[in-house]
Structure formats: C-alpha cells, structure tokens
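Engineer: Take this structure, written in structure tokens, and hold onto it; I'll ask about it next.
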Amino acid sequence: MNIKNEVLTRMYIVLVTFILLAFFLFAKTVKISYVEGEKWRAVANNNYVKYESVPALRGNILSDDGSLLAASIDKYDIHFDLQVNGLTKKVFEENVDSLAYCLSKYVNNKYTPGGQLMRLLEAREKGARYFTIAKNVSYEKKNQISQFPIFNRGRHRGGLIVERVLKRDMPFKLLAKRTIGYASREGANDVGIEGAFDKFLSGTNGQRLTLKVSEKTRIPINERAEIEPEDGNHIKTTLDIGIQDVAEEALMDALKYHDAQSGTVILMDVKTGQLKAIANLEKTPNGYWETFNYGIGTKIEPGSVLKLAPVMALLEDGKVGIHDQIPIHKGRRTFYDVEMEDSSSKSFEMDSTTLLNAFAISSNVGIASLTSKYYQGTDKKGNIRAKQLLRRFDQFNITYPTGIELAGEPMPFIKDPVKDSKEWSGLTLPWMSIGYEMQMTPLQILTFYNAVANDGKYMKPYLVSEILDKDGCIKKISPTVLTERIASKATIQKAKQLLAEVVETGTARKLKNTKYSFSGKTGTSQINYKNQRKKKQKKFGYRSSFVGYFPSDQPRYSCIVVITDPKENGTYGADVAGPVFRKLIDNIFYLKPELHRALNNYKRPKLEGKDLPEEFAGNLEDMEIVMKTLDIPYVNKSDNPIMTTSIVRRDSVHLIDRPRGENLIPNVVGMGVRDALYVLENEGIEVKFKGKGKVMKQSISPGTRIKGQTIHLTLG
Amino acid sequence: MSLGRSLSNELRGDTAIWLITIVLALVSLLAVYSSTGSMAFRVKGGNTEFFLFKHLMIIAMSFLIMYVMYRIPYEKFKKWAPFCLALTFPMLAYTLWQGADINEARRWIAVPFIDLTFQTSDFAKISLITYVASMIGSKQEYIEDFATAFTPIIVPILITCGLIAPADLSTAIILFLTCFLMMFIGRVHWKFLGLLLLFGVVVFALLIIAGQFFPEYVRVDTWTSRLTEFFTNSDGGYQVQQSKIAIASGEWIGVGPGNSTQRNFLPSPFADFIYAIITEEYGLMGAFIMIAMFVWLLIRTTVLVTKSAKAFGAMLAVGFTLCLTIQAFVNIAVSVHAVPVTGVTMPLVSMGGTSFLFASMMIGIILSVSRHIESINDLKE
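Sequence lines, in order, name chains A and B.
Once you know that position 648 of the first sequence is 648 in the numbering used here, the rest is easy, because the numbers rise by one and skip nothing.
Once you know that position 119 of the second sequence is 1119 in the numbering used here, the rest is easy, because the numbers rise by one and skip nothing.
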C-alpha cells in the first residue's frame, strides 16, 4: 500500500467514526426530545424554575417640611445555599471555621463559634439549600455579612442568598395615622394617603428567577434580580407636623377630660385649602386610638354650626338684615306638635332680638322661625319655597362632597322637598335650619366655613402637594378653586360679622383672647334627638362642635373640632370643642411669628402743638422723609440742603435755613451726630462727643471765629 | 470579467467550506440576536444591543482574519510553527500562574485595549496542530522511526496538553485527541500510538498527584465532582436538566427564533449550552443542521485529502477540522448528557471572546490549503 492510500484509508476510518458519533449525538438529542420529551416538558411546566416578583421599595410620605410621616426601610433576609456548584468541598472545608466565627461574633451570638460550626457542617451534610443565616437585618449588616468568608464568593460560588424584605415604618407612630393610612392589606380597603396615592407610592415590582427546592421553599437563582424593581415615588403632604402634633395632643386631652367617645380635629389653610392637620381619636379598650378617619369619612348631623347656611341664604335673598329684630319667642316655640327650645338662658327673657344677637347666642327658635317664615310652604305662584333654600345650599357648595383625594368621602345628605317628599314633613325645614335632618362630614362643614373665611372663594381641600422621585419633584399639585365666590361680597361680610359676634358676645365669648381675634360658631347637637323627640329614650348623648377661623381680619387657618358624646365636665360646644380649638390656635399663634401683630402697628396719633419737633436740625432731604413718615404737617421754606432747622408755627412745622456766618463756628444743636460731624469737620474743626442721640450742647458757642479748635458735643 | 467571476476568482478554495462557515455564523448571529427577545435582558436596558454589536464586530473581524489566512500561502505556516510553539509554552505557564480567574479557572489573559479576554489555549491549539502537521508531513518517509520522528512530535504534545490540563482539562483532552488522530491518519505505527496514550495517562496521573499539593492550580476537585455527578445522577445536575428541558421544549421544529425560555435558566446559554438553545428554538431540525455542518466540514476535508499532493497541507486541514469537530461534538455531548459537564464552546457559533477569532483562523488556513490544492489541480488540467 502506498503512503497516500494508507493515509486515505485511515482518514476514512476517522470519518466513519465521526459520522457514527454524529448519529449517536443526534440520536441522544432525539431521545431527549421525543422519547423522554413528555417528562422534561412536564418538569418545565412544573414551575421547577419560575419568575417571582421582587417587591419595589415603597415611596415615603413626607410632611410639608419634608419630615418623614411614613417611610420604607430596606431589610434583608439572608440564607445560605450549601449545594451550589461553585462551593467545592475544598473551599467549604477551608473557610467554614472562619465563617462560623464571623457568624457567631457578628450575627448571632446565641451560638458559640463551635456551635455555629456544628450547624454549618450539619447543613452541608444534609445539603440544605435555604439555611437561614439572619433575618430582618439592615443594609449595613447585609453588606457586612456579604463580606464573610465563603459568602464573599457570591451567589453561585458561595451560596449566599440575599432577599430584600420591606418594612413600612411610621416614625411618628400615632400622628395622623388614619390619614396616612395603609395600602394592600389583605381583606381591607386601602385607606388614607397610602391608599389614594398607591399607584405613585408602590413603584414597579421586579422579577427574579427562583428555583423550587422543596414544597414550600423557592430560592433565588441569581445574585441580582433579572428585572430590578423600580422603587416608588415619594409623596409630600400638606400636613404640618407641629400643628398635627398639637391637634392630636389637644384632642386627646379633651377626650380624656370629658370622657368622650370620639373626636375629630381638622385644620385647613384658608387661602389654599391645604389640610395642615387631621386628627381622629376614638375610645377603645386600650385607650384612645386613631381607628377611623371620622373627619373625612363619617357624616354627622352638624347641628348649630350649620345655622350659618340658612342665615346666609336669608341674607343672600335679601329677606333680612343682621341688625333687624327677629322674634325668638322667649326661646320656646312649638312647630306643629313638637316643641323647640333654646339652650341659652338669655333667650328666655326676650321676645325678639337682632339677628346678630340671635345668631350669637345660637337661638334655635329665632333661626328656625325666621327660616320657616321665608322658606316654609309655597309662594303665591304655588312654588315650593324650600326649593329656594336648597338652591342657596347648592350655591354654598354644601350639598356636594369636597372631592378630597382620599377614598371614602360620602355625599352630604340634605333632604329635597320634591325628591324626598315622603320624608319631608312640616318639621323638616325648621329642624334643617338648625342643622338637623341633614348629614355632612366635618370636612364638608369646615370647607364651607373656609370659603366664608376666604371671602367666598371655595377651595378644594387637599393633602398632597408634591410627588417626588429620588431626583426631586415630578409633579406639583396646586390649590384648586372649586367656586370663585359662593355668595355675594355683602353676604360674606355679614356672615363674618355674625361669626365674630359669636366670639365677641355670644356662646363662645369665654374663649375670647386679647392677643389675636378669631371667629366661629359653636354647636351642641343631640346625637339621638329623634328618639328623644318621640320621648322614647330619656338618656341621650351630645355632640359638641366648634368651627371657625383665625385671625378674624385676615384669616390664615380654619378649623373644626367635633367631639362626640362627652360624659363629664360639660357638653356645650363652647365648653368641650371650643377649648380644643383655642388650644390649637393658641399654639399655632406661638408657632407662627408671622401671625403676631407688630407692636406699633396702630394708627399713629396726630401730632400737634407741643408734640411737634422744635429746633430739629440736619440734612433737608432726611428731614422731609421723617416729616412724611410721621405724618407731621410741614412747609418747606429752606433751600439749604445740609443745614435746615425746624420751627413750629401753630399746627405745622416750617423748615427753614439755619443761618451761619463765614469762618464762624456753626450751630449744630438739634442735629444728629452724622450731620453735625459733616458740618463741623468740613470747617476743619476737631470733634469729640459723648452720649447718644441729638446734639444737646456744643462746647464752643456758635459765631466764634474758627481757628482749629476742638469742639466737644454733648448728645442726649 | 463579470463580478461573479471575479468574486469566485478572489474567493477560491472549497465553496462548501465557505458556505458552512457562513451558515454557522448566521446561526450564531441568530442565537445571539435571540437574546434581544429575552425579557430579562430587554428590561435591563439596552445591554442586548451592546452584546449584539460586539458579537457582530467579532464576526466581521473573524471573516477578515479568515480572509487574511486564506490569502497567506499555507506553506509559510510550516516555518512559523516552531516559533509559535516556542512562544506557546511560556504563555501557557504564565496563564496558569497569573491568568484572569474567570469562573474559577485560570484559562484567560486579558488583552489590553480591546476589552477581550484571550484564551491562551486557543493560540496553543493552532501552534501545536500546525507543528504536528509539519512534523508528520516532513517525516513521512521515516515516520515509523522512534527517535527521529516520534519523539519530536510527542514531546511538544505532552508539554502543551500538560500545561493546559490543570485549568482546562477538556481543552487539553480535545487537543490531545486531535493530535492523536492526526498521528493515526499520518501513518504513525500502532505501538507508538499506544505509547502516546500511555504517556498521556502518565501525565494525567502526575497532574492529579500535583493537584494534591497545588489545589489552586489543578482543579482535581471540580473534575471529581463533575465525574461523580455524571455517573451517579442519571438525569444530570441542574444545568443538564435545564438543557434537557430546552431540547425537549423544541420538539421537532422548535419554539421559534427568540422564543427560548430556557436561556433564562441555563448558565452561559450562548456559549456552553448554545446547542440546547438552538434545539429549543429550531427543534430537532436545527440540531440536525448543526451536527450536519460539522460532519460536512469533515467530509470536505476528506475530499481535500484525496486531492492533496503534499502531506503537510492535508495534515494541516485534517488537524484543524478534527479540532473544530471534536470541540463541537463535545459541546453537543455536554448538552445531551453524553459526557460530564464541561465548559467547551461550539466553535464558530458560541458568542464571546477570542475563541471565535481563532476558529476562523483555523477555517482560513483550511481554505488556504484548499485554494492551493485547487490551483495545482487547475494547472494539471
């Protein structure tokens, strides 16, 4: 055989071998795909490995100054997969001692290094894939653990499994708890800001591949999630931590003092409608606790605080003026078969009084009679007159919800004489006029008062001012005007007068304060008055409320306080709810220096006669500024810009030249130091002075010849 | 002269081999492109384009290298072979000592500036095969003589494979097998081949003993665990199971390009387990084409041998073809659980690093040989 043939023969042998090998490999492939196919596809469908969601970090909720109201905190669970391929016997055996030592020293000192070692060896023996190292550890701790021997080799070579668990923390605990709310609790509706802004806060969950290692356990396969979660945005609220804190404390104290069932405080920024504080407390077996957002979610019969609405309707319709005398029937009157009574003893002495006074002393009979007179029954054309009152209520926005961002705000319940004709009786209108037979939430009542405080401009109340991501603001939420003016300027003006009178002379006069002014209305309603009316039940509870705003002249904040079923130390609005309001605005007054009136911010007295400045001298321009600022009548007869003096002529001041001679010492008495120095030093005279104020005396008499003297000035 | 004719003049050599290379490169591109369909990658933000672009660049560079090699008369390699081989030894030693520790094995050294890691064993393969081919070719007349012919061939083989084996046993075995088959085809006597095998076993045994003293450098641990797993677990470990799921999911025609789900579960799906991914996406049809391409390559080389006048050229082509084919078959065998798990790429298909460049270099040299043989045949006619 020649060389070439032998080579070829051997080449063919190799070729055939490889073709056989190729057949073998293809046959193996077919076997897996076709013969064993069912089995493997079943494994694939068995979720042996599947994606699981990785929670995104929920955004924080901040107060108006950026303090954390609710924050997400990263915590980590750390497990050890002792079966990973990269963790060879050698690596494990060489490092397990040091790992055990580190774990014992830095993670869990329940076990000695020896004890930890035993546990690790046992886990390795059993081939544990999800051996718990630590749970709920901080980010820093997690980083530390990741640096331990073996673990520093990562997921595939060291078996380290790090899973992020997220905790929600409210650093201020009780503070505005229900308003901040919560989301995604199983079996419960999302509430509060957490619920309402969930789509911003929640972020987007990531995905990570997990491997099923036992019936209940899935472990992540890779070190990082395949799709990293996108963390949620932060929400900046309008809540003011300081005010919120005071509101809760004041409410808590009052509830305890009066042994009341529950209470609500809401405080609003007048101009913007921003809610600065919402506190809700309720008696529970474990003391008072924030369990429900009564302020926003629960309708109550407003009682006397809503007398403002029918009175404003009457004013708006021009039926009555606030100084008109209205009958109050000595505080007792029967409507059909039911008696209405005033609670103020003042009423019992009067047949009639002004509307202003009737409102101030909260005369039920007065307001109800007046309202009945104009809105009960039908007019000459046969129209139902109550419809007009309801049109006015619509105009005041009190028949609509406020539209606050939070879920669960109910519609106000206000009867309509046509639609609700079955429930509409002769008693409806008079009782409606004093805030019964209707229901509104405290927030809805407050928003109405806020509009009055805001010169009729009805602002939508809101709680969230900004949505931020990690780089800053991504959406700003501006105040929303729902109605430009809910009533005529004159009506609003009169309403303000009425509310001021309540504090000045009326039911809330004992809350009056000299440092600042506030206006508002008290309310004391019976909780189960219907039963009482039917004499079915003797014992009945009260609801005490106060709603108002301050300061009266330029309102900054409006606030409502509602306390339900106070059992001790009084029941009246002025005794129970009013003091909470006072305490709150007192605190705000001290917290906010800009509310303080300037000490000299009063009308200046007119200066005349001896009060006018005589022999007051100096720079002409400066003197004119002083005269103008102090409203001193003056006549300028001077043309000397640097040396002018004043002389008093009857009731005005004349500014004239101060005469001086060439090379003679000038008269600087009555001048300020600056002016005196200017004049004297220009003449080359050395000046020494002592004291403060104007020049009273000069050591060298005016008119003396100048020859380089030193002059001593006495100031005073 | 028409364009077609000028192109065919320019690119002579075996058309089939050109075609095989182009088909494999296309498959490679598709497989990598498929990663764009992967949710995991897409959401991670633009990384796919980066990989795709990088891979495209490597393929373009590979074809350039292939063309350059193809243009160089292959006889020149004969002269260069001893120098390259002499360079290989210190490079392998350095890699073993200092190399980049990727996936726990010291197989790579980083190439500065171009952001690629360079597997020194790839360079060693080319050098050694060229050297062995030249030795077999030049000593064909007295090939059966031990001292003059056999020793100069086997000593470099044993040294090279011995240096590669500690960090990369499979590559060493593939190279050893390639050289062994080259010698077999090159008419080396049976008893010498037996002796070569014996030496191979001795070197391997020495390595295992060395592994007891230098575990950092010889991965005896890994070998043992992979072998144990292979023989004790009939379903295979996690990786093999995932690979089998991929193959089974493909059924006959596959789930379609870019629809692989198993790429998310397989470690290095576009390198070590690319056969499984191709089978998942293109079914048994795709698997058949892959295997067929390498068999066809071997057939074309056999045809070349029948035409070849000079032993060196034939041996060179045979050596490179065997090397590529064995590597491809090992890669496939891992995916179908016919051999223990080992990280061997599919030549001309797997994404990543310089292995693609070196495989193209081999193809280029094979084409150079075929061009030469064709031109001689043309002259004869």
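Ideal Cβ positions, reconstructed from N, Cα and C, are used throughout, including at glycine.
Quick caveat: nothing in here was measured; it's all calculated off a predicted structure.
#1: Distance cutoff 8 Å, beta carbons only. Does A/Lys212 sit that close to anything in chain B?
#2: Less than 8 Å between CB atoms is the rule here; does A/Ser33 satisfy it with respect to chain B?
#3: In angstroms, rounded to a whole number, what distance separates the CA positions of A/Gly159 and A/Tyr111?
#4: How many angstroms separate the CA atom of A/Ile78 from the CA atom of A/Phe131?
#5: Please list, in chain order, the residues of the segment 283-308 of chain A that have any C-beta partner in chain B closer than 7 Å.
#6: If we require 3 or more residues per run, which beta strand (DSSP E) segments fall completely within the segment 50-77 of chain A?
#7: Mark A/Gly456 as exposed unless 16 or more other C-beta atoms lie within 10 angstroms of its C-beta, in which case mark it buried.
#8: If contacts are defined as beta-carbon pairs under 8 Å, then A/Thr524 and A/Ser343 qualify, I think. What distance do you get, rounded to the angstrom?
#9: Measure the C-alpha to C-alpha separation of A/Phe616 and A/Lys592 and round it to an integer number of angstroms.
#10: Where do the N-terminal and C-terminal ends of the alpha helix (DSSP H) with B/Phe1180 fall, by residue?
#11: Grab the span of the beta strand (DSSP E) containing A/Ile492 for me, first residue to last.
#12: Could you confirm whether any beta carbon from chain A is found closer than 8 Å to the beta carbon of B/Thr1302?
#13: Are the beta-carbon atoms of A/Glu163 and A/Pro220 separated by less than 8 Å?
#14: Where in the segment 99-127 of chain A do unbroken runs of the beta strand (DSSP E), each at least 3 residues long, occur, reported from the N-terminal end onward?
#15: With DSSP as the reference, please indicate the residues paired to A/Asp657 in a beta bridge.
#16: Distance check for B/Ser1308 and B/Thr1302, CA to CA, integer angstroms please.
#17: Roughly how many angstroms lie between the CA atoms of B/Asn1331 and B/Gly1250, to the nearest whole one?
#18: Kindly indicate which three-state DSSP category A/Asp631 falls into: helix, strand or coil?
#19: Where does A/Ile296 fall in DSSP's three states?
#20: How many Å lie between A/Lys494 and A/Glu504 at the Cα?
#21: Going straight from the alpha carbon of A/Lys380 to that of A/Ala386, what length do you get?
#22: Assuming A/Ile361 contacts A/Val311 (C-beta within less than 8 Å), just tell me the rounded distance between them.
#23: Is the CB-CB distance between B/Leu1297 and B/Leu1324 below 8 Å?
#24: With 8 Å as the limit, tell me which residues of the segment 83-99 of chain A have their beta carbon closer than that to any beta carbon of chain B; keep them in chain order.
#25: Tell me, to the nearest whole angstrom, how far the beta carbon of A/Ile150 is from that of A/Leu62; I am working on the premise that it is less than 8 Å.
#26: Straight-line CA distance for B/Thr1222 to B/Val1334?
#27: With a CB to CB cut of under 8 Å and the five nearest residues on each side skipped, what residues in its chain are close to A/Val679?
#28: What alpha helix (DSSP H) runs, 4 residues minimum, are completely inside the segment 412-472 of chain A?
#29: Please list the residues of the segment 1263-1294 of chain B that have a C-beta atom closer than 7 Å to any C-beta atom in chain C, keeping them in chain order.
#30: On the three-state DSSP scale, how would you describe A/Arg650?
#31: What separation, rounded to the nearest whole angstrom, lies between the Cα atoms of A/Asn286 and A/Asp469?
#32: Going by C-alpha to C-alpha distance, which of A/Asn383, A/Asp622, A/Gly295 sits closest to A/Thr179?
#33: Mind checking whether A/Ala487 and A/Gln395 have CB atoms under 8 Å apart?
#34: Say whether chain A places a C-beta atom closer than 8 Å to the C-beta of B/Ser1249.
#35: Any beta-carbon of chain B closer than 8 Å to the one on A/Pro6?
#36: Could you tell me if A/Glu186 is buried or exposed, where buried requires 16 or more neighbouring beta carbons within 10 angstroms of its beta carbon?
Structural biologist: Here's the rundown:
#1: no
#2: yes
#3: 21 Å
#4: 9 Å
#5: none
#6: none
#7: Buried, by the Cβ-count rule.
#8: That belief holds up - the Cβ atoms of A/Thr524 and A/Ser343 are roughly 7 Å apart, short of 8 Å.
#9: The alpha-carbon atoms of A/Phe616 and A/Lys592 are separated by roughly 40 Å.
#10: From DSSP, the alpha helix (DSSP H) with B/Phe1180 extends over 1169-1185.
#11: From DSSP, A/Ile492 is part of no beta strand (DSSP E) but of the alpha helix (DSSP H) over 489-504.
#12: At least one CB atom of chain A sits nearer than 8 Å to the CB of B/Thr1302.
#13: yes
#14: none
#15: DSSP lists A/Thr644 as partners of A/Asp657.
#16: 10 Å
#17: When the Cα atoms are used, B/Asn1331 and B/Gly1250 turn out to be separated by approximately 18 Å.
#18: coil
#19: helix
#20: When rounded, the distance between both Cα atoms is 15 Å.
#21: 14 Å
#22: Between A/Val311 and A/Ile361 the Cβ distance is about 13 Å, and since that is not below 8 Å, they are no contact.
#23: When the beta-carbon positions are compared, B/Leu1297 and B/Leu1324 come within less than 8 Å of each other.
#24: Asn85, Gly86, Thr88, Lys89, Lys90
#25: In fact, because the Cβ distance is near 41 Å, the residues do not count as touching under 8 Å.
#26: 15 Å
#27: The beta carbon of A/Val679 sits closer than 8 Å to the beta carbons of Ile642, Met643, Pro666, Val668, Met671 from its chain, once the five residues preceding and following it are set aside; these are given in chain order.
#28: 428-433, 442-453
#29: Included in the structure are the protein chains A and B, with no chain C among them.
#30: coil
#31: Approximately 38 Å, taken between the alpha carbons.
#32: Of the candidates A/Asn383, A/Asp622, A/Gly295, the one whose C-alpha sits nearest the C-alpha of A/Thr179 is A/Gly295.
#33: yes
#34: yes
#35: The sequence given here places Glu at residue 6 of chain A; Pro does not occur at that position. So, interface residue.
#36: No answer about A/Glu186 holds up, because its pLDDT of 43 lies below 50 and its placement is not dependable.
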